[in-house]
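Step one of this worksheet: look at the structure below.
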Amino acid sequence: MIGASLNGNLKYPLPSNIEEEKHWLQDPQYLLRYMWQSNYRAPIEDKLREGNAKILNICCNYGTWTLEMASDYPNSHFTGVDVAPIFPSGLTRSNVKFLQSNILEGLPFASNSFDFVLVQLFGNIFTEKDWEDQIIHEIVRLVKPGGWVELTQPDSKYYNCGPNFERWNDALLNHLRLKDINGSICENFGRLLTSTGQISRIQHEIVIGPIGSWGRRAGELGASYAHQLSRKMKPWIISYLDITEEEYNEMMIKAEQEFNIHRTYMSTHRFVGQKINSF
Numbered sequence: 000m001i002g003a004s005l006n007g008n009l010k011y012p013l014p015s016n017i018e019e020e021k022h023w024l025q026d027p028q029y030l031l032r033y034m035w036q037s038n039y040r041a042p043i044e045d046k047l048r049e050g051n052a053k054i055l056n057i058c059c060n061y062g063t064w065t066l067e068m069a070s071d072y073p074n075s076h077f078t079g080v081d082v083a084p085i086f087p088s089g090l091t092r093s094n095v096k097f098l099q100s101n102i103l104e105g106l107p108f109a110s111n112s113f114d115f116v117l118v119q120l121f122g123n124i125f126t127e128k129d130w131e132d133q134i135i136h137e138i139v140r141l142v143k144p145g146g147w148v149e150l151t152q153p154d155s156k157y158y159n160c161g162p163n164f165e166r167w168n169d170a171l172l173n174h175l176r177l178k179d180i181n182g183s184i185c186e187n188f189g190r191l192l193t194s195t196g197q198i199s200r201i202q203h204e205i206v207i208g209p210i211g212s213w214g215r216r217a218g219e220l221g222a223s224y225a226h227q228l229s230r231k232m233k234p235w236i237i238s239y240l241d242i243t244e245e246e247y248n249e250m251m252i253k254a255e256q257e258f259n260i261h262r263t264y265m266s267t268h269r270f271v272g273q274k275i276n277s278f
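The letter at position 275 of the sequence shown is residue 274 when you use numbering that gives the first Met the number 0, and the numbering goes up by one with no holes.
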C-alpha cells in the first residue's frame, strides 16, 4: 500500500494557479498522475524509448494521458479509444491517433497488436458481467505475447466517512448495484486477469487519496472531485433515498463538514500483468 503523503521535489506537482486547477477539476487524470507520481507502472520504459512500441489507451477520455505519453516518447505510437468523442478531434501529434469505438462491441484491431494496453478512469459504466465476459478478454486479446496490461481505477467506496457521507456513499453503491454495476470492481481485477489463463506476473498496488483539507492541497482537490460527483449523482440519489432536493443539499453540506473530522479517504487500485508468451 502506498501512502498519499508526498513531500519534496515531485515529478508531477499540484496545480500552481487557478487555470491549472480548472484543468485538474475537468480531468481527474491529473490527480491520478499526482497520486502515483507516474503515468504508468508496467516495466516498458526501455521499449518506449527504443521506439516503434504500439500503445493502446482504452477509455482515453480527454486524451490527456495519450498526448502526454506521445510527447514523452516521440518514437513510439499511441492510440486512444473512447466510446464518447471527447478527445481532441483536430491534428495533434504524428505519433497519436484517437478513435471512437465501444469495447463491448469489440475494438477494431487485430489480436496481439499492442505492446502495452492501459485502461483507467473508466467510471461506473460497465456491469460486472461486462467485465467478466467481454472487457477483460478483449484487453488480453489485444496485447502481444510478452506485452503488458495495466488497469487503474478508484474504488467508489469511501473510507472513514461521517454519518451523512456514509449515507450518501451507501446510496451511490446501492444505486450502482441496481444496475448490476460493482462500484468496487477494481478490487477484482487481479482475479479477472488470472481467470484468462494468459496473464502472469500480476502486481497490485493501492494508493490512498485524502478527501478534505486534512490532506492539505491534495485533500482539497479530492473534496472538490467528491463535490462534483455528488452534484452529478444528485437526481439518482434523491430518487433512491426518497428525499427532497433541499434535504439532499443539507445532507451534502454536513457530509463535506465531516471530511476533516473523520479524515475521509478514497483508494485507487492499480494492477499490472504480462501476457504469457505462446510457443
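Virtual Cβ for every residue (Gly too), placed ideally from N, Cα, C.
Using a Cβ-Cβ cut-off of 6 Å (strictly less than) and excluding sequence neighbours within five positions of residue i, which residues of its own chain qualify?
i    : result
H203 : G189 and F270
R92  : A69
G7   : The predicted model places G7 with a pLDDT of 47, which falls under 50 and marks its position as unreliable; any figure quoted below should be read in that light. If we look at G7 and ignore the five residues flanking it on each side, it has no Cβ neighbours.
I275 : Q197 and S199
Count the other C-beta atoms from every protein chain shown that fall within 10 angstroms of the C-beta of residue i, then say buried if there are 16 or more, exposed otherwise.
i    : result
M0   : Low per-residue confidence applies at M0: pLDDT is 36, beneath 50, and the placement is therefore not dependable, though the value from the model is reported in the following sentence. So M0 ends up on the exposed side.
P42  : exposed
G214 : buried
G146 : buried
Between residue i and the rest of its own chain, which residues show a CB-CB distance below 7 Å, the 5 nearest in sequence each way excluded?
i    : result
I156 : First, the residue type needs correcting, since residue 156 is Lys and not Ile in the sequence shown. Excluding positions up to five away in sequence, the list reads N168, L172, G182 and S183.
S229 : W167 and M251
F121 : C58 and Q152
Y39  : L117 and E149
Could you tell me the boundaries of the alpha helix (DSSP H) in which residue i lies?
i    : result
N173 : P162 to L177
K253 : E244 to H261
T65  : T63 to D71
E204 : Per DSSP, E204 belongs to no alpha helix (DSSP H); it is in the beta strand (DSSP E), I198 to P209.
Using a Cβ-Cβ cutoff of less than 8 Å, which residues in the same chain neighbour residue i once the five nearest sequence positions on both sides are dropped?
i    : result
I260 : G161
I201 : G189, L192, T193, F270, V271 and G272
What first and last residue would you give for the beta strand (DSSP E) that runs through residue i?
i    : result
M232 : No beta strand (DSSP E) contains M232, which DSSP labels as neither H nor E.
S194 : That residue, S194, is in no beta strand (DSSP E); its alpha helix (DSSP H) goes F188 to S194.
Going by CA-CA distance only, name the one from the options that's closest to residue i.
i    : options                   : result
T195 : L175, T63 and V142        : V142
L177 : N123, E219 and T151       : N123
S212 : M251, Y264, N187 and I237 : Y264
I205 : G221, P84, R215 and E186  : E186
N111 : F97, V148, R40 and E131   : V148
L240 : E165, I275, I138 and F121 : E165
I54  : R230, L117, R48 and P27   : L117
S88  : E245, K128 and T63        : T63
D154 : T267, E137 and S277       : T267
Original post:
Are the segment 73–93 and the segment 56–65 in contact at 8 Å, needing three or more beta carbon pairs?
Top reply: yes
**OP:** For the segment 68–77 and the segment 44–54, state whether three or more C-beta atom pairs, one from each stretch, are separated by less than 8 Å.
**Re:** yes
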